[in-house]
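Below: one structure, written as structure tokens.
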Ligand SMILES: Cc1cc2nc3c(=O)[nH]c(=O)nc-3n(C[C@H](O)[C@H](O)[C@H](O)COP(=O)(O)O)c2cc1C
Ligand code: SF4
């Protein structure tokens, strides 16, 4: 028998449920049995309920077992898992698992498949093909290709990526920057982290292509401090990319140079807002800047700067490798390509589902997600992070499409979907939205700084049953002031979850009086 290859993720989600212990047990048991095992620490496939997911390479393909604990390992050897034999924890061929088989993985194609820190493996799976093509094109041509693909920013606002790059390309300056927003503060989101841990060269490649497009020579990844594993993997990948001349001066024998560094945020939701992130990158407190000027014209250190989310940048290599039209063939309306949706909260099968835009919420939460983890009816989902709307069951038919969501006063955002069963109290969720804003507000403008605190107080009165109709009217007025008068989307969009809760779940705001809400 040739040397068996076994995969076990080093992804943070897998580590949190014992992947390291399973890896150690696999090595020990193999040694005990005199088997020379090749253990690969891959990224996660994104099927979180199966983690730690152990895969073994067989002539028919990779065979999956999970969730595996250290105590299961000896039994797996006994059952013959090294040749893909059946076991109660077995799921057959990984690629045939329904959840994976029915996805359209473009951005996440390599995540969980390759060794994240092997350039050879990355190359063998199509890596750097996009950059190689970009190296033969002019900056304007790259911008046009990305614009044609229809790619829109995956960080939340959905702004066309190619148009942003063109603005930076056209700006005259002695220095330009590429800044990757890896702050990933939205509740229920983890796709940025997973791809950095599972396929970091894709981000490096995407940022390098962005640099070629606009004429930048320096880039930064702004990574949240809560992601230490992602930081380690990314730093190691950057070192390897320098060693193999995919970064640095004279990339692969060309005249192009690009340098990349990681910066760790101190942990504030507002540091994900792009201007606040730039302040933080400059070593200052994360305070929102007024726009204009746009960061594309006056960004980091006052220079033209591309700010893009991890997923936007990670979508670029496949666009450049396969061409714009192959990417824009996926999707609906003005929402082109695919989005790695993230299923979280009270959901049976949480994880990453990369699908073309147009898939309904219903299919995501029932067909992929398998319904609630508690087995109780799903009552609400919050889509697009803490500033996104709460949607009831009669909106689950909504297709994932920026415009369709906007028409329902909701947003796709970063693709996070947090599920709640029928025990959720939506008045308390509305209060939580205001409380979150009060805690995370940067404090620069009054409607957000003061409005959110007043919002908590008004909601407390509503929950306690004090003068409800008048307080609901006051809350609506306050929401309008925050929407109209806030400097950024933090204060400007906090009314979205609050108003959607009142609109779709009015009964929760008229229940018998409850005591002080701050439990
Ligand atoms: C309060 C707030 C928090 C945000 N947090 C993030 C974040 O964590 N990650 C992110 O990519 N964008 C975040 N954004 C959006 C960014 O301001 C910006 O639109 C985005 O990074 C641009 O990249 P994109 O065009 O690739 O989406 C946030 C915006 C606001 C208002
Ligand atoms: S809306 Fe809030 S977070 Fe945004 S600038 Fe104003 S105070 Fe700061």
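Numbering (our numbering), first residue to last: -7 to 511.
C-beta: ideal position from N, C-alpha, C; glycine also.
Looking only at C-alpha atoms, which of the options sits nearest to residue i?
i: residue 406; options: 495, 349 and 287; result: 349
i: residue 214; options: 235, 255, 187 and 244; result: 255
i: residue 62; options: 88, 16, 99 and 52; result: 16
i: residue 52; options: 379, 74, 206 and 155; result: 74
i: residue 403; options: 253, 9 and 489; result: 489
i: residue 379; options: 178, 134, 28 and 359; result: 178
i: residue 313; options: 127, 103, 132 and 369; result: 127
i: residue 118; options: 309, 270, 459 and 49; result: 309
i: residue 184; options: 162, 293 and 306; result: 306
i: residue 49; options: 41, 29 and 39; result: 29
i: residue 279; options: 107, 504, -1 and 482; result: 482
i: residue 171; options: 104, 263 and 338; result: 263
i: residue 301; options: 176, 466 and 243; result: 176
i: residue 441; options: 275, 319 and 479; result: 479
i: residue 193; options: 492, 236 and 447; result: 236
i: residue 376; options: 366, 363, 369 and 401; result: 401
i: residue 19; options: 8, 9, 31 and 502; result: 31
i: residue 102; options: 59, 114 and 227; result: 114
i: residue 151; options: 395, 493, 494 and 461; result: 395
At the level of alpha carbons, what is the spacing between residue i and residue j?
i: residue 200; j: residue 76; result: 40 Å
i: residue 345; j: residue 417; result: 28 Å
i: residue 437; j: residue 57; result: 52 Å
i: residue 64; j: residue 453; result: 53 Å
i: residue 216; j: residue 174; result: 7 Å
i: residue 398; j: residue 6; result: 35 Å
i: residue 261; j: residue 25; result: 50 Å
i: residue 485; j: residue 144; result: 20 Å
i: residue 408; j: residue 191; result: 20 Å
i: residue 435; j: residue 281; result: 12 Å
i: residue 91; j: residue 360; result: 6 Å
i: residue 154; j: residue 138; result: 5 Å
i: residue 224; j: residue 210; result: 20 Å
i: residue 207; j: residue 428; result: 39 Å
i: residue 21; j: residue 14; result: 10 Å
i: residue 335; j: residue 458; result: 37 Å
i: residue 66; j: residue 43; result: 18 Å
i: residue 358; j: residue 272; result: 40 Å
i: residue 135; j: residue 157; result: 6 Å
i: residue 284; j: residue 88; result: 50 Å
i: residue 239; j: residue -5; result: 34 Å
i: residue 121; j: residue 187; result: 18 Å
i: residue 505; j: residue 299; result: 46 Å
i: residue 286; j: residue 196; result: 24 Å
i: residue 71; j: residue 55; result: 13 Å
i: residue 497; j: residue 464; result: 13 Å
i: residue 229; j: residue 111; result: 9 Å
i: residue 369; j: residue 411; result: 10 Å
Taking all protein chains shown into account, decide if residue i is buried (16 or more other Cβ within 10 angstroms of its Cβ) or exposed.
i: residue 386; result: exposed
i: residue 424; result: buried
i: residue 94; result: exposed
i: residue 472; result: exposed
i: residue 317; result: exposed
i: residue 78; result: exposed
i: residue 164; result: exposed
i: residue 245; result: exposed
i: residue 203; result: buried
i: residue 166; result: exposed
i: residue 231; result: exposed
i: residue 47; result: buried
i: residue 514; result: Residue 514 cannot be examined here, being either before or after the span of the chain that is shown, -7 to 511.
i: residue 371; result: buried
i: residue 275; result: exposed
i: residue 415; result: exposed
i: residue 327; result: buried
i: residue 510; result: Legend: pLDDT at residue 510 = 45, less than 50; position of this residue unreliable, no value from coordinates given.
i: residue 500; result: buried
Tell me, to the nearest whole angstrom, how far the beta carbon of residue i is from that of residue j; I am working on the premise that it is less than 8 Å.
i: residue 413; j: residue 324; result: The Cβ separation is near 29 Å, so there is no contact.
i: residue 142; j: residue 329; result: 6 Å
i: residue 221; j: residue 189; result: 6 Å
i: residue 421; j: residue 443; result: Their Cβ separation, rounded to whole angstroms, is 18 Å, which puts residue 421 and residue 443 out of contact at 8 Å.
i: residue 45; j: residue 33; result: Going by Cβ atoms, the distance from residue 45 to residue 33 rounds to 12 Å, so no, they are not a contact pair.
i: residue 390; j: residue 352; result: 6 Å
i: residue 180; j: residue 304; result: Actually they are not in contact, since the Cβ atoms of residue 180 and residue 304 sit about 19 Å apart, beyond 8 Å.
i: residue 100; j: residue 332; result: 6 Å
i: residue 267; j: residue 169; result: Not a contact, Cβ separation roughly 14 Å.
i: residue 451; j: residue 426; result: 6 Å
i: residue 159; j: residue 11; result: Not a contact, Cβ separation roughly 43 Å.
i: residue 388; j: residue 354; result: 4 Å
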